[in-house]
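First the structure, in the form of structure tokens, and then the observations on it.
Given below as structure tokens:
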């Protein structure tokens, strides 16, 4: 019996000595304020998306997802030598969809970062959950100003975006209307969505500052088909321009019905990036001729190469506008993970959630497809040039008219 | 006399009357204020009225599908919205092909006839398949079963068409000869709206004639009265039910083409809103009653079209146009409170209900 105790203690001491002198295997201790994600040697890095990939606005989200997939291809399918696992939920471009999709994603603790959402309304519902779950959330297409406004209830920790803030787009649209179109008064229509409401508000403020007059700011329901009552209301103010930064089908129906509303036959119509889609051409038919939209201006050799890859992989030109933004979002996540991840000898990856957020917010002079990106303290990373485009019947994409 | 009268009045009655009077009061005050402000020219009201009648005509034809099926089977065919959608979403391909070849503008009448026929045929076939596959096996099941099946069938059809044609929006080409206005008795009226109103009235008249004056219409009414007795009289009830669904489908297909003359954009989800309105119209007029559906639909179309500007604008309510659905459904609630069987509704007896 004594012999056994002796042997055991010798073995114990020996093992302690050996461990101390052998290769350093100090177990990783997570000191991160909001926890860590541990990824086993053969496990993938889990990136999720929350985009609108089904239903009427699906081109917006599918286009972004295509951008992510190309970014994964360009990274060789790997982040920090781990495979990438990409899956996600449909957000439906609505608060309800954001709520249900966000709930599902928030329950999955393997997720490192979420790319999404597509629409600002989705973000408002999903962010409380995704932010509490400790994820980095980076949106390729949310543009509502309040999401990144310091002190605003809708500004959540860990949320960033590569899309432009509508404060920029609304201002550019107002400047375009005043300087290029030379209109003096305008009416605006929104559809009750966070995106459209804020954008038309920014437009109206800037247009008034420039010296213009807003005849009326009104709204339609996104499912409304008969626009005659709202157009009759607008016609009483005799505006030279109607600005309606909304979506399809309501946007398409306004284009078609404005032409037949007495008093609005020659009024200039203008939308925003929500109506930058091939579907606008098919839906509005011949009436699309002359319709203006504002949208990010994407140029450069890197972007052209991206479009070529898109064409090869998906067999068509980009179907919406936020593919490059999603590509940049993924690349920023990849860079940040590779910066903060602690790698064990066996290849296990430890990612501190707060550290990852800090690294994302510290992104500086990041060279992306949409420009050189630098994130500010509230999560606005975009460096956008907004252009104005004009549709011609049967042609997509619309022609760039400003700036020339 | 006074005593019995006072005993019959309950607290609920008083509340309901109070709500009704409050709504009527709001409508009257809003109307007076709007008219006093003089914001809209008389011609605007006329435009809105005609547009309302046109939309009402479309609702009426869709409502026929609900009301005919309800009359015979005492069930609400909630998949009728997809019967309505299937016609125009298929015919858009023919319309665009005709437009590209230039035939549409050379022979507008013939082209529109072809497009309408295709739309009617597709809608009728979908309606008949629906009856055969989804409803006939459940004919003697409890009443809730076919209702739930209808909702399931509705989703199935929606996503089938989404799979077939994609989820994007497609536009109908504009018919050049239907652009602009006609001068009718000194009033400028849009050609499309006139065509829609005339088309809807014509189609309604045909349907009414079929139900009232043909042999098969008589059989339909017999089946509606009493299925067993009709069967004993030698009427093939199955055939009559299939015919009813086909008739509803043809009517929905025609409604689809009139609808796209007003709102020329189609997609797989387009059926939902117009059909829920048409269903409202059918209930408004008295479900199961053909002229009732027409009256209800016209009333609903008018209220929706002029309601927001007339009732709400004067009260200073922001974005009144967003509330047009609210107006439509408040009218429905009012009608159901004061005339539960609808404007022209039959008093439903115990045996029938």
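Protein chains in written order, with the working numbering: chain A, 15 to 418; chain B, -17 to 335.
Think of the CB as a built atom: it goes at the ideal place given N, C-alpha and C, for glycine as much as any other residue.
Anyone know if the C-beta pair for residue i and residue j falls short of 7 Å?
i                      : j                      : result
residue 276 of chain B : residue 186 of chain B : yes
residue 239 of chain B : residue 101 of chain B : yes
residue 53 of chain B  : residue 257 of chain B : no
residue 93 of chain A  : residue 327 of chain A : no
residue 288 of chain A : residue 261 of chain A : yes
residue 227 of chain B : residue 109 of chain B : yes
residue 155 of chain A : residue 290 of chain A : no
residue 106 of chain A : residue 64 of chain A  : no
residue 267 of chain B : residue 181 of chain B : no
residue 55 of chain A  : residue 360 of chain A : yes
residue 419 of chain A : residue 125 of chain A : What the structure shows of chain A is the stretch from 15 to 418, and residue 419 of chain A is not part of that stretch, so it cannot be assessed.
residue 383 of chain A : residue 338 of chain A : yes
residue 49 of chain A  : residue 367 of chain A : yes
residue 309 of chain B : residue 285 of chain B : yes
residue 70 of chain B  : residue 153 of chain B : no
residue 58 of chain B  : residue 76 of chain B  : no
residue 92 of chain B  : residue 174 of chain B : no
Where does residue i sit, in a helix, a strand or coil, going by DSSP?
i                      : result
residue 70 of chain B  : helix
residue 225 of chain A : coil
residue 413 of chain A : strand
residue 36 of chain A  : In this predicted model, residue 36 of chain A has a pLDDT of only 49, less than 50, meaning its place in the structure is not dependable; the value taken from the coordinates is given anyway. Three-state DSSP puts residue 36 of chain A in coil, outside helix and strand.
residue 406 of chain A : coil
residue 159 of chain A : helix
residue 58 of chain B  : coil
residue 244 of chain B : helix
residue 356 of chain A : strand
residue 202 of chain A : strand
residue 257 of chain A : strand
residue 239 of chain A : coil
residue 424 of chain A : In the structure as shown, chain A begins at 15 and stops at 418. Residue 424 of chain A is therefore absent and cannot be evaluated.
residue 330 of chain A : coil
residue 53 of chain A  : strand
residue 300 of chain B : coil
residue 99 of chain A  : strand
residue 252 of chain B : coil
residue 261 of chain B : helix
residue 231 of chain A : strand
residue 273 of chain A : coil
residue 170 of chain B : strand
For residue i and chain A, any beta-carbon pair shorter than 7 Å?
i                      : result
residue 291 of chain B : yes
residue 361 of chain B : A question about residue 361 of chain B goes unanswered here, because the residues of chain B that appear run from -17 up to 335.
residue 304 of chain B : yes
residue 173 of chain B : no
residue 37 of chain B  : yes
residue 178 of chain B : no
residue 233 of chain B : no
Shorter than 7 Å from the beta carbon of residue i to some beta carbon of chain B?
i                      : result
residue 72 of chain A  : yes
residue 270 of chain A : yes
residue 36 of chain A  : Note on residue 36 of chain A: pLDDT 49, under 50, position unreliable in the model; the coordinate value appears next. Not an interface residue.
residue 293 of chain A : yes
residue 104 of chain A : no
residue 211 of chain A : no
residue 124 of chain A : no
residue 232 of chain A : yes
residue 296 of chain A : yes
residue 111 of chain A : no
residue 300 of chain A : yes
Round the Cβ separation of residue i and residue j to the nearest angstrom and send it over; I've been treating them as touching at under 8 Å.
i                      : j                      : result
residue 28 of chain B  : residue 177 of chain B : So it is not a contact: roughly 18 Å between Cβ atoms.
residue 176 of chain A : residue 203 of chain A : Going by Cβ atoms, the distance from residue 176 of chain A to residue 203 of chain A rounds to 28 Å, so no, they are not a contact pair.
residue 42 of chain B  : residue 234 of chain B : No, residue 42 of chain B and residue 234 of chain B are not in contact; Cβ-Cβ is about 11 Å, not under 8 Å.
residue 201 of chain A : residue 253 of chain A : 4 Å
residue 190 of chain A : residue 396 of chain A : Not really, about 19 Å apart at Cβ, beyond 8 Å.
residue 197 of chain A : residue 66 of chain A  : So it is not a contact: roughly 33 Å between Cβ atoms.
residue 274 of chain A : residue 248 of chain A : So it is not a contact: roughly 14 Å between Cβ atoms.
residue 149 of chain B : residue 105 of chain B : Not a contact, Cβ separation roughly 20 Å.
Anything in the segment 236 to 267 of chain A with a Cβ closer than 8 Å to a Cβ of chain B? List those residues in chain order, please.
Of all residues in the segment 236 to 267 of chain A, only 237, 238, 239, 240, 241, 242, 243, 244, 246, 247, 249, 250, 262, 263, 266 and 267 place a beta-carbon less than 8 Å from a beta-carbon of chain B.
Taking a cut of 8 Å between CB atoms, which residues from the segment 272 to 286 of chain B lie near chain A?
286
Output needed in chain order: residues of the segment 53 to 72 of chain A with a Cβ under 8 Å from some Cβ in chain B.
68, 69, 70 and 72
To be precise: take each residue of the segment 235 to 264 of chain B, compare its Cβ to all Cβ atoms of chain A, and keep it if any distance is under 7 Å. Which residues remain?
245, 246, 247, 249, 251 and 255
Please list, in chain order, the residues of the segment -6 to 21 of chain B that have any C-beta partner in chain A closer than 8 Å.
21
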